[in-house]
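*Asks:*
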Amino acid sequence: MKIRILFSLLLLPLYFSSVFAADTKISGESYPFYQLDLTNNGSGKGYNKFDLGRVYVNVTSKLSDEVSIRVTMDVDKMANEPRDFYLKYAYLDWNIEKFIPYSTLRFGLQSTGWIGSMEKVWGRRYVAKVLLDQNGILSSADYGLSYNINFPSGYGNASLLYLQGPGYKGKEENRFKDISAFFFVRPLVKLPDFAACMLGGYYYKGYSDKTDITSENNKDRLAGMATFAYGGIFKFTTEYFKAWERIDPGASKDTEKDGISLFGEIKFPMAKTSFLKKIALVGRYDLYDPDSDTENDEQRYILAGVEWEVIEGFNLMPNFQRTKTEGEKTKDTFILNALFKF
Ligand SMILES: [Ca+2]
Ligand SMILES: [Ca+2]
0 MKIRILFSLL LLPLYFSSVF AADTKISGES YPFYQLDLTN NGSGKGYNKF DLGRVYVNVT
60 SKLSDEVSIR VTMDVDKMAN EPRDFYLKYA YLDWNIEKFI PYSTLRFGLQ STGWIGSMEK
120 VWGRRYVAKV LLDQNGILSS ADYGLSYNIN FPSGYGNASL LYLQGPGYKG KEENRFKDIS
180 AFFFVRPLVK LPDFAACMLG GYYYKGYSDK TDITSENNKD RLAGMATFAY GGIFKFTTEY
240 FKAWERIDPG ASKDTEKDGI SLFGEIKFPM AKTSFLKKIA LVGRYDLYDP DSDTENDEQR
300 YILAGVEWEV IEGFNLMPNF QRTKTEGEKT KDTFILNALF KF
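In this text, residue positions in the sequence shown follow numbering that gives the first Met the number 0: the first is 0, and each later residue adds one.
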């Protein structure tokens with residue numbers, strides 16, 4: 000008996016320290032690529048480079064069944080200087096299911112929601128940003144507070160956010176805060192072949208990030224999406240957004256922007272060879288209008304490629320990308336994108 004008590008006492012500090020340490024995990028992703036320009040528009044025909052689209056390092060720690068913390072470091076695009084890590088996320092999740100069913104509160108520097116969710120649907124952030132991120136319509140992360148619901152049985156999720164506005168790379172210059180809400184539903188989640196079908200909607204009521212603004216200096220966004228998927232064979236998504244903004248103090252009217260992104264993939268789960276099972280044919284078409292009052296300024300973006308999941312955590316995707324702004328020359332690029340994920 001004495002031995003057993005002594006043994007327990009000896010184990011006690013070990014037990015506590017291991018509970019604390021064992022639930023801290025490190026993960027990350029890096030997006031290396033090789034790019035070759037095929038046209039003179041841009042850096043010139045034949046220009047080529049090796050680069051990294053992004054590097055993320057995540058540290059997550061579960062303090063208890065209710066409380067967890069995440070810190071994510073990020074590295075930005077290549078410039079003529081060392082590539083420094085900077086902060087992307089630093090937040091605490093507090094699961095409050097005991098008080099309100101299916102609910103979690105999140106405090107700190109966090110995802111603004113829509114872009115991160117659309118990245119999961121697109122599934123290839125290592126190849127290209129999603130529509131609202133690519134065109135700088137929204138920051139993907141910001142400081143604030145959010146209330147998040149996970150519907151039971153995988154039917155979807157919804158969030159309500161109270162955010163600073165300038166995003167994770169910016170600084171607050173005014174007294175205004177932004178409010179945003181979004182939802183995603185998977186109505187057919189119980190039918191295995193159609194489980195990935197989904198619908199989503201997003202609203203962002205925001206204000207300009209400049210100083211000396213009034214409540215007229217809005218930065219509002221509305222977005223919606225729909226995915227149709229069948230049997231792990233094909234998955235097609237359409238995303239649309241509209242934005243109204245009056246960024247400069249003294250501006251007399253809103254600038255209206257809108258855009259649409261169509262993308263899809265075809266896979267071969269029925270294939271005889273294991274190689275074909277890991278291949279996806281991927282295509283995407285975006286159309287973005289930065290100002291509805293200006294004619295002939297629309298931007299088109301086309302992507303076509305073949306993705307090979309070599310092993311889980313290592314993908315290769317050779318692809319062709321075309322960008323074309325109305326009235327300007329076409330820019331064509333061949334890119335070999337890779338995903339390293341751990
Ligand atoms: Ca603000
Ligand atoms: Ca236009």
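Glycine included, C-beta positions come from ideal geometry on N, C-alpha and C.
This one's a predicted model, so the numbers in the text were calculated from it and none came from an experiment.
Can you give me the C-alpha to C-alpha distance between residue 154 and residue 68, rounded to a whole angstrom?
*Replies:* Going from the Cα of residue 154 to the Cα of residue 68 covers about 25 Å.
*Asks:* Taking only the alpha-carbon atoms, compute the straight-line gap between residue 103 and residue 112 and give it to the nearest angstrom.
*Replies:* Residue 103 and residue 112: Cα-Cα distance of roughly 14 Å.
*Asks:* Check whether the Cβ atoms of residue 240 and residue 136 sit closer than 8 Å, and answer yes or no.
*Replies:* Yes, the Cβ-Cβ distance between residue 240 and residue 136 is below 8 Å.
*Asks:* Between which two residues does the beta strand (DSSP E) holding residue 335 run?
*Replies:* Segment 330-340, the beta strand (DSSP E) holding residue 335.
*Asks:* State the CB to CB distance for the pair residue 77 and residue 50, rounded to an integer number of angstroms; the pair is presumed to be in contact (CB under 8 Å).
*Replies:* Their Cβ separation, rounded to whole angstroms, is 5 Å, which keeps residue 77 and residue 50 in contact under 8 Å.
*Asks:* Can you tell me which of 237, 117, 245 and 300 puts its alpha carbon nearest to the alpha carbon of residue 217?
*Replies:* The shortest C-alpha separation from residue 217 is found at 245.
*Asks:* Which residue wins for smallest C-alpha separation from residue 228, given the options 120, 255, 174 and 288?
*Replies:* The candidate whose alpha carbon is nearest that of residue 228 is 120.
*Asks:* Is it true that the CB of residue 88 sits closer than 8 Å to the CB of residue 106?
*Replies:* No, Cβ-Cβ distance for residue 106 and residue 88 is not below 8 Å.
*Asks:* Taking the beta carbon of residue 80 as the centre, do at least 16 other beta carbons fall within 10 Å, making it buried, or is it exposed?
*Replies:* Burial call: exposed.
*Asks:* Alpha carbon to alpha carbon, what distance is there between residue 341 and residue 0?
*Replies:* Here the model assigns residue 0 a pLDDT of 45, short of 50, so the residue's position is not dependable and the matter cannot be decided.
*Asks:* Looking only at C-alpha atoms, which of 257, 31, 110 and 38 sits nearest to residue 54?
*Replies:* Selected option, being the one with the closest Cα: 31.
*Asks:* With respect to 7 Å, is the separation between the Cβ of residue 163 and the closest non-hydrogen atom of ligand 1 below this value?
*Replies:* Checking the Cβ of residue 163 against ligand 1 gives yes.
*Asks:* First and last residue of the beta strand (DSSP E) that includes residue 316?
*Replies:* Where residue 316 is concerned, the enclosing beta strand (DSSP E) stretches over 313-324.
*Asks:* Among residues of its own chain, excluding the 5 on either side of residue 210, which ones have a beta-carbon nearer than 7 Å to its beta-carbon?
*Replies:* Only 172 and 173 meet the Cβ criterion.
*Asks:* Using a Cβ-Cβ cutoff of less than 7 Å, which residues in the same chain neighbour residue 230 once the five nearest sequence positions on both sides are dropped?
*Replies:* Once the five neighbours on either side are set aside, the close Cβ partners of residue 230 are 192.
*Asks:* Output the distance between the C-alpha atoms of residue 316 and residue 332, rounded to the nearest integer angstrom.
*Replies:* For residue 316 and residue 332, the distance between alpha carbons rounds to 14 Å.
*Asks:* May I have the straight-line CA-CA distance separating residue 117 from residue 267, to the nearest angstrom?
*Replies:* The straight-line gap from Cα to Cα measures roughly 23 Å.
*Asks:* May I ask which residues mark the beginning and end of the beta strand (DSSP E) holding residue 50?
*Replies:* Residues 47-61.
*Asks:* Quick check: residue 40 and residue 328, are their CB atoms within less than 8 Å of each other?
*Replies:* Yes, they are a contact pair.
*Asks:* In angstroms with no decimal places, state the Cα-to-Cα distance between residue 353 and residue 248.
*Replies:* Past the edges of the chain, shown from 0 to 341, lies residue 353, and the structure says nothing about it.
*Asks:* Could you give the first and the last residue of the continuous beta strand (DSSP E) run that contains residue 148?
*Replies:* Here the beta strand (DSSP E) through residue 148 covers 140-150.
*Asks:* Where does residue 47 land, buried or exposed, given buried means 16+ other C-beta within 10 angstroms?
*Replies:* When all chains shown are included, residue 47 counts as exposed.
*Asks:* Nearer than 7 Å: is that true of the beta carbon of residue 293 relative to any heavy atom of ligand 2?
*Replies:* Indeed, a heavy atom of ligand 2 lies less than 7 Å from the Cβ.
*Asks:* Helix, strand or coil, according to DSSP, for residue 132 in the structure here?
*Replies:* Helix at residue 132.
*Asks:* Would you please state the rounded distance, in angstroms, between the beta carbons of residue 58 and residue 66? I believe it to be under 8 Å.
*Replies:* The pair is not a contact, with the Cβ atoms about 15 Å apart (cut-off 8 Å).
*Asks:* Is it buried or exposed, residue 212, if we count other Cβ atoms within 10 angstroms and call 16 or more buried?
*Replies:* Label assigned to residue 212: buried.
*Asks:* Report the residue ranges of all beta strand (DSSP E) runs contained in full by the segment 252-323; include only those spanning at least 3 residues, in chain order.
*Replies:* Segments of the beta strand (DSSP E) lying fully in the segment 252-323: 254-266, 278-288 and 298-310.
*Asks:* In chain order, what residues of the same chain have a beta carbon less than 6 Å from the beta carbon of residue 197, not counting five sequence neighbours either side?
*Replies:* Contacts found: 183, 185 and 226.
*Asks:* Reducing DSSP to helix, strand and coil, say where residue 77 ends up.
*Replies:* Correct three-state label for residue 77: coil.
*Asks:* Over what stretch of residues does the alpha helix (DSSP H) that includes residue 120 continue unbroken?
*Replies:* Note, residue 120: alpha helix (DSSP H), 113-121.
*Asks:* Can you tell me where the beta strand (DSSP E) with residue 373 in it begins and where it stops?
*Replies:* Past the boundaries of the shown model lies residue 373; the chain is included only from 0 to 341, so the question cannot be answered.
*Asks:* Which residue's Cα is closest to the Cα of residue 25: 38, 60, 45 and 204?
*Replies:* The option with the nearest alpha carbon to residue 25 is 60.
*Asks:* Quick one: is residue 98 buried, meaning 16 or more other Cβ sit within 10 Å of its Cβ, or exposed?
*Replies:* By the neighbour-count rule (16 or more Cβ atoms within 10 Å), residue 98 is not buried but exposed.
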